[in-house]
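Input: a single structure, listed below in structure tokens.
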Amino acid sequence: MRHQPIDSSLFVENRDRLKGLLPPGSLAVVHANDILPTNADGALKNIPNTDLFYLTGIEQEESILLLFPDSPEPTQREILFVREPIEILEIWEGHKLTKEEATEASGITNIKWIGDFPNIFRNCMLSAEQVFLNQNEHRRAAAEVQTRDDRFVAKCKEQYPLHTYRRLAPLLHQLRAVKLEAEVELIRHACGITKGGFERLLKFVKPGVYEHEVEAELSHEFVRNRGAFAYTPIIASGKNACGLHYIQNDQICNDGDLLLLDVASNYANYNSDLTRTIPVNGKFTPRQRDVYEAVLRVMRASIANATVGKMHRDWHYEAQLMMNEELVGLGLLTKEEVAEGTRENPACRKYFMHGLGHSIGLDVHDVAPAHVPFSAGWVLTVEPGIYIPEEGFGVRLENDILITEDGPVDLMADIPVEADEIEALMAAR
Ligand SMILES: [Mn+2]
Numbered sequence: 001m002r003h004q005p006i007d008s009s010l011f012v013e014n015r016d017r018l019k020g021l022l023p024p025g026s027l028a029v030v031h032a033n034d035i036l037p038t039n040a041d042g043a044l045k046n047i048p049n050t051d052l053f054y055l056t057g058i059e060q061e062e063s064i065l066l067l068f069p070d071s072p073e074p075t076q077r078e079i080l081f082v083r084e085p086i087e088i089l090e091i092w093e094g095h096k097l098t099k100e101e102a103t104e105a106s107g108i109t110n111i112k113w114i115g116d117f118p119n120i121f122r123n124c125m126l127s128a129e130q131v132f133l134n135q136n137e138h139r140r141a142a143a144e145v146q147t148r149d150d151r152f153v154a155k156c157k158e159q160y161p162l163h164t165y166r167r168l169a170p171l172l173h174q175l176r177a178v179k180l181e182a183e184v185e186l187i188r189h190a191c192g193i194t195k196g197g198f199e200r201l202l203k204f205v206k207p208g209v210y211e212h213e214v215e216a217e218l219s220h221e222f223v224r225n226r227g228a229f230a231y232t233p234i235i236a237s238g239k240n241a242c243g244l245h246y247i248q249n250d251q252i253c254n255d256g257d258l259l260l261l262d263v264a265s266n267y268a269n270y271n272s273d274l275t276r277t278i279p280v281n282g283k284f285t286p287r288q289r290d291v292y293e294a295v296l297r298v299m300r301a302s303i304a305n306a307t308v309g310k311m312h313r314d315w316h317y318e319a320q321l322m323m324n325e326e327l328v329g330l331g332l333l334t335k336e337e338v339a340e341g342t343r344e345n346p347a348c349r350k351y352f353m354h355g356l357g358h359s360i361g362l363d364v365h366d367v368a369p370a371h372v373p374f375s376a377g378w379v380l381t382v383e384p385g386i387y388i389p390e391e392g393f394g395v396r397l398e399n400d401i402l403i404t405e406d407g408p409v410d411l412m413a414d415i416p417v418e419a420d421e422i423e424a425l426m427a428a429r
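Just so you know, the sequence shown maps onto residues 1 to 429 in UniProt numbering.
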């Protein structure tokens, strides 16, 4: 792994919190992700399962966590299964975790090879009251492909049809939404790497550079600092910014255009998510600056408005009301159009058509329980935008914040965002 070791106390605490939510007699199992095939003998790189990582700190493929806290047999209460590091495997794939290393990473003392899993699992099933199995539950997940967890669910229901099966995902969502201090520190670290990338590109961007050249600068900065792109970067000059998920990044940055950058690093599987919009030539036009300032005001007010007890839908709606006013001020909407809007379809949706923010953590669009108010420990993105295809540009700004009892903490407060500051930094290049 590229990141520095994480103290296993984080994962011990995460497991303890999960055990606290499991009813008596529960057995829970979480699998690693498959390594997905591409073409011919190709495969994608291993993407750790974020639930398994959350509970164990383990990133290695094929690993399995079994929790059975009330087992009458103490050795069954917490077991981590990993691949046996036989010589032929290590020759072809490199180092695999030893039992000692798996214990060091996870804090789990009982480590078994995966070949032992079927027998041990069968024994545990004989005394389990109910079985919590994991599936990827996300309202926007497109689930065409079965995961290892999915296959395991199907196999269990076939082999043990008389057991009671329950969903682990809602419990993990509840836990993962609230970040512990050690997790916030890792997100802060990712934000710091992102900051370095943004400051570097401010010195690099000028008329005539290509969007993919900017991507290359960022990639170098992130990877040399033990990070990597947290998600496919959006580097969109001029009107490209009005395509919300533009990822081609293959166009030239022209004099007079704005460049929208939705680019951020991860670190140790924790993500940050940043958006900035800068003038390619280093100076905003008066019109660009007016739109920029409007978006910045909505971002600032929405950060302040992200308080404990707030419902996400109210938080979003309050930003939409602010945006309505800003768009009237910019001459993009009339007061009549705003008055005709409804709560479900406010007038600002013509220029600000996406959500205001999302949970972030081990997943970029992180899991969180639906329909519950914000609570202390949540980390959210705040990302208003205004997109004006008829004027050939879009502006989005995005910071990551931590919600606390004492109010929101901006984890990206030190990343330049004021228009004057951006211009000054670009002038110094
Ligand atoms: Mn985002």
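For every residue, glycine included, the Cβ atom is placed at its ideal position computed from N, Cα and C.
From the listed residues F117, E104 and E129, the smallest Cα separation to P72 is found for E129. Selection L261, R226, G256 and N254 evaluated against G243 yields L261 as nearest (Cα-Cα).
Annotation for I278: the continuous beta strand (DSSP E) segment containing it runs T275 to P279.
When Cβ pairs closer than 8 Å are counted between the two stretches, the stretch 212-221 is seen not to touch the stretch 401-412, the count staying below three. Non-local C-beta neighbours of S26 in its own chain, meaning closer than 6 Å and more than five positions away in sequence, comprise Q130 and F132, ordered along the chain. With a threshold of 7 Å, the Cβ atom of D273 counts as near ligand 1, since some heavy atom of the ligand is closer than that. Per DSSP, the beta bridge partners of T381 are D400. Taking T194 as the centre and dropping the five residues before and after it, the same chain places the C-beta of A264, S265, S272 and L274 closer than 6 Å to its C-beta, in chain order. DSSP, read as helix, strand or coil, puts A128 in coil. Rounded to whole angstroms, the Cβ separation of R226 and H3 is 5 Å, and the two are in contact under 8 Å. Contact between the stretch 279-297 and the stretch 202-209 is established, with three or more Cβ pairs separated by less than 8 Å.
D7 and L321 have their C-alpha atoms roughly 44 Å apart. When Cβ pairs closer than 8 Å are counted between the two stretches, the stretch 231-248 is seen not to touch the stretch 290-298, the count staying below three. The stretch 45-57 makes contact with the stretch 98-116; the number of CB pairs closer than 8 Å reaches 3 or more. About 24 Å separates the CB atoms of L186 and M299; that is not less than 8 Å, and the two are not in contact.
In the structure shown, F53 adopts helical secondary structure according to DSSP, grouped into three states. When the five nearest sequence neighbours on each side are left out, the beta carbons in the same chain lying within less than 6 Å of the beta carbon of P233 are those of E215 and V263, in order along the chain. When rounded, the separation of the alpha-carbon atoms in E90 and I303 is 49 Å. When the alpha-carbon of Y387 is set against those of I360, A413, Y351 and A143, the nearest one is in Y351.
In summary, T342 is exposed, with fewer than 16 beta-carbon neighbours lying within 10 Å of its beta-carbon over all protein chains present. In the structure shown, the three-state DSSP call for H173 is helix. If you check the CB distance, R15 and L67 come in under 8 Å. DSSP places L65 within a strand segment (E or B) once states are collapsed to three. In the structure shown, I252 adopts extended strand secondary structure according to DSSP, grouped into three states. The stretch 326-333 makes no contact with the stretch 137-146: fewer than 3 CB pairs, one atom from each, lie closer than 8 Å.
The beta carbon of R148 sits closer than 6 Å to the beta carbons of H31 and D34 from its chain, once the five residues preceding and following it are set aside; these are given in chain order. K19 places its beta carbon less than 8 Å from that of P69. If you look at S237, you'll find it in the beta strand (DSSP E) that goes I234 to S237.
For D420, the enclosing alpha helix (DSSP H) begins and ends at A419 to A427.
Distances from the alpha-carbon of E344 to those of Q76, H173 and R313 put R313 closest. N269 sits in coil when the DSSP states are folded into three classes, being neither helix nor strand.
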